[in-house]
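For the record, the sequence lines run as chains A and B. Note that the working numbering numbers the first sequence so that position 113 is 113, with each residue one more than the last. Note that the working numbering numbers the second sequence so that position 36 is 36, with each residue one more than the last. First comes the structure, then the notes that go with it.
Number of protein chains: 2
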Amino acid sequence: MTATPYPVSEIVAARRPHRKDAARNFDALLDAAREAFAEHGADAALEDIARRAGVGIGTLYRNFPTRRDLFETVYADEVAALCEAAAEPTDREPWEALSAWLDRFAGYMVTKRAVREALNGESDIFQTCRESMYAAGGPLLERAQRAGAARTDMDFGDLLRLVAGIMATTFEDDAQRDRVLAIALDGVRTGR
Amino acid sequence: MTATPYPVSEIVAARRPHRKDAARNFDALLDAAREAFAEHGADAALEDIARRAGVGIGTLYRNFPTRRDLFETVYADEVAALCEAAAEPTDREPWEALSAWLDRFAGYMVTKRAVREALNGESDIFQTCRESMYAAGGPLLERAQRAGAARTDMDFGDLLRLVAGIMATTFEDDAQRDRVLAIALDGVRTGR
DNA sequence: ACTCTAGCGGAGGCCAACCTCCGCTTCAAT
DNA sequence: ATTGAAGCGGAGGTTGGCCTCCGCTAGAGT
């Protein structure tokens, strides 16, 4: 529970209202939106989100004047959590540490696909998210590369997209997804 | 131009009307839909598709009573073309032949993402498509495996999803996409 | 306790896309 | 050439999500 170590964490904090009831509604809306986007994709009905959160549609629009606003905030909130996960100190092997974080990243991406494609890269917030993400996860790859455990002709962006792409696909079952992800990561790993 | 070598080819052929004007409209609608789906995703407006095709909305609904019908037919049409590409005889090395076909597959998937996610696996036609696809492309992988050029602890389905997932993601530029795809395929390749 | 203001909620107008329906047109079989 | 049936198209009713607006509620400072 450290204080906003990444710029992306500020994005949500800055929007959160001060009054108690308003803050509660804000949180409820964010939760409801996350859930609805995961379930129905990017074009989930805003009225449904308000209903899930137990607030009026007016309250939703006050907090998030546009659909895009809501997307951005949900997304930033997720990314902030992910960054904090990467920052937690670990005593694991370089490859293990990287691979464990990628698993976590993969888990988030399963539900975040819809949001990502809706914002489609044309957002300021996107830039901030990317920076925070790189700051948080990049060192994990670099450490693995220095240890000779990961190929050096790729960068962290390549790696994220590789994993994100695989997670965005539907598989027959989780076993197949894991198998495919493992094969792809075999292309990344060196030594061993 | 051989006669419907794969079951999937029958799907479209069976729907195509016999009267000359009707057949022309059917083809125009399919083209327009393919284009619209690639451009606007799965929720392209049907009225817009009819307009592109230069036919009335009534004609669209007569040929494709539901949105799903249209999706399925467009998708089946694409898959049929892809299967024919795999069946063309080649004198290339096993790995080269596989890899070249996967490139073609990748190209199709770029635009087909929307359709795939809309049908979301819950379609009879999907099953037929998969069978034809496996019949067409599976031998390419098997040949590479027998030649010791591809790992044997994966099947053709794993491979397709690996490629499909990567192609479904957005990249900074085509170079990054190619780089990432190459890394992933390094995980598949053996020997060399 | 009092006040005053930030915040609440949902009725209702707007609009865009869906889909039906039916009078007109065009094909092709005889 | 005739004719009847297959096909055409788009007007318009229907649905459902979007967003505004304003009278009411309840938090927080004094």
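Beta carbons are placed, not taken as given, at the ideal position from N, Cα and C, and that holds for glycine.
Work out the CA separation of residue j and residue i for me, nearest whole Å.
i: B:Thr2; j: B:Ala81; result: Caution applies to B:Thr2, whose pLDDT of 49 falls short of 50 and renders its modelled position unreliable; the model cannot decide the point.
i: B:Ile194; j: B:His40; result: For residue 194 of chain B there is no data in the structure shown, the boundaries of chain B being 1 and 192.
i: B:Gly58; j: B:Phe64; result: 10 angstroms
i: B:Ala45; j: B:Lys20; result: 26 angstroms
i: A:Pro17; j: A:Asp27; result: 10 angstroms
i: A:Arg189; j: A:Val163; result: 14 angstroms
i: A:Asp174; j: B:Tyr134; result: 21 angstroms
i: B:Leu70; j: B:Leu30; result: 8 angstroms
i: B:Ser9; j: A:Glu78; result: 44 angstroms
i: A:Tyr75; j: A:Lys112; result: 7 angstroms
i: B:Arg68; j: A:Gly157; result: 36 angstroms
i: B:Pro5; j: B:Gly138; result: 16 angstroms
i: A:Ala13; j: A:Ala22; result: 13 angstroms
i: B:Ala85; j: B:Leu141; result: 15 angstroms
i: A:Ala150; j: A:Ala144; result: 6 angstroms
i: A:Ala181; j: A:Ala36; result: Inspection of the sequence shows that residue 181 of chain A is occupied by Leu rather than by Ala. Looking at the two C-alpha atoms, the distance is approximately 27 angstroms.
i: B:Met60; j: B:Arg179; result: What sits at residue 60 of chain B in the sequence shown is Leu, not Met. Each residue's alpha carbon lies about 41 angstroms from the other.
i: A:Ala97; j: A:Met167; result: 19 angstroms
i: B:Ala106; j: A:Arg62; result: 43 angstroms
With DSSP run on the structure shown, which of helix, strand or coil describes residue i?
i: A:Arg189; result: strand
i: A:Ala150; result: strand
i: B:His18; result: coil
i: B:Val79; result: helix
i: B:Val8; result: helix
i: A:Asp43; result: coil
i: B:Phe171; result: coil
i: A:Gly58; result: helix
i: B:Thr2; result: Confidence in B:Thr2 is poor, its pLDDT being 49 and thus under 50, which makes the residue's placement too unreliable to answer from.
i: A:Asp91; result: coil
i: B:Ala66; result: For clarity, residue 66 of chain B is Thr in the given sequence; the question names Ala instead. It is coil, neither helix nor strand.
Using a Cβ cut-off of 7 angstroms (strictly closer), state whether residue i contacts chain B.
i: A:Ala194; result: Examination of residue 194 of chain A is not possible in this model, given that chain A is present from 1 through 192 alone.
i: A:Arg68; result: no
i: A:Arg130; result: no
i: A:Ala19; result: The amino acid occupying residue 19 of chain A in the given sequence is Arg; Ala does not appear at that position. It does not: the Cβ of A:Arg19 has no partner Cβ on chain B nearer than 7 angstroms.
i: A:Arg15; result: no
i: A:Arg92; result: no
i: A:Arg113; result: no
Checking contacts by CB at 7 angstroms: is residue i closer than that to chain A?
i: B:Ile125; result: no
i: B:Ala184; result: yes
i: B:Gly187; result: yes
i: B:Asp158; result: yes
i: B:Arg146; result: no
i: B:Thr2; result: In this prediction, B:Thr2 scores a pLDDT of 49, lower than 50, which makes its location untrustworthy; no coordinate-derived value is stated.
i: B:Arg51; result: no
i: B:Gly138; result: no
i: B:Arg24; result: no
i: B:Arg161; result: yes
When you check each C-beta in the stretch 163 to 180 of chain A against every C-beta of chain B, which residues fall closer than 9 angstroms? Ala164, Gly165, Ile166, Met167, Ala168, Thr169, Thr170, Phe171, Glu172, Gln176, Arg177, Arg179, Val180
Can you list, in chain order, the stretches of the alpha helix (DSSP H) that have 4 or more residues and sit fully within the stretch 93 to 169 of chain B? 94 to 119, 124 to 146, 156 to 167
According to a CB-to-CB cut-off of less than 9 angstroms, which residues of the stretch 98 to 111 of chain A neighbour chain B? none
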